[in-house]
Amino acid sequence: MDYTLFVIQLLNGLQLGILLFLVASGLTLVFGILDFVNLAHGSVYMLGAFICASLTFALGNFVYALLISLPIVAVIGYGFERLIARPLYERDHLDHVLGTFGAILVMDTLAHMIWGPAGIAIPLPAALDGQTQLAPDIVVPTFRLAIISAGLIAAAGLYWLVNHTRTGMLIRAGASNRTMVTALGIDIQALFSFVFAIGAALAGLAGMLIAPITEASLGMGNNIIITAFVVIIVGGIGSMKGAFLAALLIGMIDTLGRAFLDDIFKIFMSSSVAENSAPAISSMSIYLIMALILFFRPQGLFPPKLR
Amino acid sequence: MQKKVFVQGLILAAVLIVPLLLNYMGHPFYLDLATRLCILAIAAVGLNLILGYGGMISFGHAAYLGLGAYAVGIPAHHWLYGGMDAIATTNGFVQFGLALLVSSIFALLTGLICLKVKGVYFIMITMAFAQMVYYLFISIAEYGGDDGLVIDTRSEFPLVNFDDSTQLFTICAVSLFFVMWLVWRISKSQFGMVLAGIKGNEQRMIAMGYNTFAYKLAAYVISGMICGFSGALLGNFTTFISPEMIDWARSGELMFMVILGGVATTFGPLLGAITFIILEEVLSTITIYWHLPFGLLLIGVVMFVKGGLSALIPKAGDKE
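Which chain is which? The protein sequence lines are A and B, in order.
In this text, residue positions in the first sequence follow the numbering used here: the first is 328, and each later residue adds one.
In this text, residue positions in the second sequence follow the numbering used here: the first is 137, and each later residue adds one.
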């Protein structure tokens with residue numbers, strides 16, 4: 328196996344894992360604290376990409392556009408919580424699923440009306456557009472390194488917010504006992520809106536970061552949301568640490584599987600069979616992993632501690 | 137009671153006769169629409185068995201539609217273009233048998249895993265398994281991959297001709313009535329009572345000595361087979377089979393039909409499918425952005441209508 332290619336694919340896997348974490352963290356935060364299933368989370372990821380694309384063309388700079396898009400997406404998340412999620416908190420999960428499924432249709436169609444059916448490519452500023460030499464024979468696109476660092480910074484920020492601030496303390500308290508927190512005089516509704524806005528901003532950030540590579544497109548949200556669900560199931564629903572580790576695991580398995588599975592298969596089967604079966608197996612690999620984990624550990628790899 | 141039976145009979149008669157009449161009067165379009173309606177209604181009835189009667193919220197039932205359709209398409213494909221002689225055939229009994237076999241095996245295997253978990257996990261896992269099937273068919277280039285599989289030949293049965301749209305519609309409508317009767321019988325049987333008991337309070341059923349897992353798994357497999365059968369009809373109807381049939385939006389639409397029509401009722405899925413088909417048809421002629429009003433309607437139904445359409449038209453429902 329080619330060493331250079333392997334390192335580059337490892338970085339790609341890391342990048343996918345980081346993006347998955349940004350989407351999955353919002354999902355797991357909202358589910359863990361509010362017990363609310365939000366299918367429409369992927370649409371926020373898509374909206375982030377489109378808004379950032381429009382602003383990049385308006386302002387002429389991707390980085391400024393990204394910084395302005397973040398609060399816009401957070402406001403969208405806030406509005407979504409007030410209009411759609413809040414009336415449904417007390418309902419069962421079936422109503423959550425159907426209501427947010429309706430919200431996906433609405434948001435996707437609105438995006439279709441505003442931005443048209445074709446994808447929008449985002450041009451990168453020169454500083455991010457080049458290549459970076461990591462080692463003598465390993466050259467990677469600078470922007471991929473930027474995605475990984477931006478994602479890690481966001482993850483660290485989230486960890487700090489949840490574990491080392493007063494707001495985070497209230498969020499954790501709200502997750503373990505909603506009624507008690509309310510009785511202590513905390514405005515739990517405002518806290519919930521805040522959590523939703525943070526989750527939306529993180530998903531939007533993931534969309535903005537990937538858009539310069541894949542372009543902003545209509546189906547992108549629905550493609551990533553299922554994988555994000557796989558991540559939070561594997562990690563244990565409601566667990567932030569689980570979401571982070573599972574996101575990296577799923578990102579690596581998916582990327583490395585697509586890159587190297589046919590080579591591995593060729594070791595013990597004929598090359599034509601390997602070339603035919605490897606794409607099918609690798610595209611299913613993350614679901615197979617999920618099935619295995621569920622069969623032996625239904626609560627996920629790192630379930631949240633029950634308090 | 138008399139009036140309720142009368143309304144139900146009227147609905148069934150209308151589903152069967154109105155499209156045939158319109159076709160006779162020179163509007164074959166409505167016959168096609170009604171064929172699609174009956175096929176989707178069969179799938180909705182199948183989903184209702186576990187979602188409505190069993191309380192198992194599957195968000196992945198479009199997978200069975202796809203499996204059923206490919207079970208018709210793949211033998212036909214090999215019959216047309218060679219290869220895989222063991223299954224290359226247009227014999228309807230083999231194709232439909234294969235559809236039922238494959239969907240029951242898939243339901244059994246995924247059910248063994250899915251049913252170990254509850255609530256939101258179950259929703260997500262069924263969805264993820266459907267997505268797995270979706271990506272499987274996308275990545276098999278032999279069967280068209282992303283572009284789908286075009287078959288120019290339909291299943292062949294003695295006495296009936298699936299190429300005749302009137303006969304195909306009649307088969308679909310009669311199948312729908314049979315499946316509705318079957319699920320109604322199941323729901324009134326001892327098996328159905330246990331299922332309803334599990335939906336109400338699984339712990340109590342376990343305490344009474346029932347192996348609730350086996351009951352749920354059996355219901356899950358039956359439900360999957362009904363949807364697989366519906367998929368085999370769908371493959372025959374469209375003669376174009378693509379992974380798009382398994383897209384999770386399709387699963388969502390099936391759920392929408394069951395919920396809108398009213399869960400755990402015999403006529404709910406049919407009413408839901410009728411409403412869905414009419415909405416889709418009317419809205420999509422008005423605007424290409426028909427998903428916008430459809431999505432808003434879905435949100436509105438979830439927030440404001442309890443019990444679905446059957447609750448709105450109590451006479452058509454079948455609650456005693």
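Just so you know, even glycine gets a beta-carbon here, dropped at the ideal spot from N, CA and C.
- In this structure, DSSP gives F195 (chain B) a state outside helix and strand, which the three-state scheme calls coil.
- Less than 8 Å divides the Cβ of A570 (chain A) from the Cβ of A351 (chain A).
- In the three-state reduction of the DSSP assignment, L185 (chain B) falls in the helix class.
- DSSP places V253 (chain B) in the coil class of the three-state scheme, outside both helix and strand.
- Taking 8 Å as the upper bound for CB-CB distance, G563 (chain A) and P630 (chain A) are in contact here, some 4 Å apart.
- In the three-state DSSP reduction, T459 (chain A) falls in the strand class (E or B).
- Every alpha helix (DSSP H) stretch that sits fully inside the region 294 to 333 of chain B and reaches 4 residues is listed by chain position as 301 to 324.
- If you check the CB distance, L415 (chain B) and F373 (chain B) do not come in under 8 Å.
- Annotated three-state conformation of A543 (chain A) is strand, per DSSP.
- If you ignore the 5 residues before and after A199 (chain B), its C-beta comes within less than 6 Å of the C-beta of A266, V269 and I382, all in its own chain and listed in chain order.
- Beta-carbon to beta-carbon, I608 (chain A) and I580 (chain A) are separated by about 12 Å, too far to satisfy the 8 Å threshold.
- Pairing V238 (chain B) with T348 (chain B), the inter-Cα distance amounts to about 24 Å.
- Your pair G191 (chain B) and K335 (chain B) checks out as a contact, with CB atoms roughly 3 Å apart and the cut at 8 Å.
- Within the same chain, A179, A180, L183, H197 and A198 come within 7 Å of L390 (chain B) by CB-CB distance, once the 5 residues on both sides are set aside.
- Counting only runs of 4 or more residues that sit fully inside the region 479 to 532 of chain A, the alpha helix (DSSP H) segments are 493 to 503 and 505 to 510, in chain order.
- Sixteen is the threshold: when 16 or more other Cβ atoms of the shown chains lie within 10 Å of the Cβ of I186 (chain B), as they do, the residue is buried.
- Put simply, of A:S597, A:M596, A:V334 and A:E602 the residue whose alpha carbon is nearest the alpha carbon of P463 (chain A) is A:V334.
- Counting C-beta pairs closer than 8 Å gives fewer than three between the region 441 to 448 of chain A and the region 483 to 492 of chain A, which falls short of the contact rule.
- Between the region 498 to 507 of chain A and the region 386 to 406 of chain A there are fewer than three C-beta pairs closer than 8 Å, too few to call the two in contact.
- At least 8 Å separates the beta-carbon of L216 (chain B) from that of D282 (chain B).
- In the DSSP annotation of this structure, the continuous segment of the alpha helix (DSSP H) that includes P606 (chain A) starts and ends at S598 to F623.
- Taking a cut-off of 8 Å for Cβ pairs, the region 230 to 249 of chain B and the region 204 to 220 of chain B touch, as three or more such pairs fall below it.
- Taking 4 residues as the shortest admissible run, the region 330 to 358 of chain A contains no complete alpha helix (DSSP H) segment at all.
- Put simply, the region 360 to 380 of chain A does not touch the region 595 to 609 of chain A. Fewer than three CB pairs are less than 8 Å apart.
- It is roughly 16 Å from the alpha-carbon of S598 (chain A) to the alpha-carbon of R585 (chain A).
- Of all residues in the region 360 to 375 of chain B, none is placed with a Cβ closer than 7 Å to any Cβ belonging to chain A.
- Contact with chain B is absent for L361 (chain A), since none of that chain's Cβ atoms lies less than 8 Å from the residue's Cβ.
- In the three-state reduction of the DSSP assignment, I342 (chain B) falls in the helix class, which pools H, G and I.
- For P452 (chain A), the secondary structure class from DSSP, reduced to helix, strand or coil, is coil.
- Under the three-state reduction of DSSP output, P468 (chain A) falls in the strand class.
- Between Y279 (chain B) and chain A, the shortest Cβ-Cβ separation is not below 8 Å.
- Below 8 Å, too few C-beta pairs join the region 425 to 438 of chain B and the region 354 to 370 of chain B to call them touching: fewer than three.
- For the alpha helix (DSSP H) assignment, the uninterrupted runs of no fewer than 4 residues enclosed by the region 403 to 446 of chain B are, from N- to C-terminal side, 404 to 422 and 427 to 440.
- DSSP places R418 (chain A) in no alpha helix (DSSP H); its state is neither H nor E.
- In summary, the residues of the region 237 to 263 of chain B whose CB is separated from some CB of chain A by less than 7 Å are I249, K252, V253, G255, V256, Y257, I259, M260, I261 and M263, in the order they occur in the chain.
- With respect to the C-alpha of L374 (chain A), the residue from A:G546, A:A517 and A:G457 having the closest C-alpha is A:G546.
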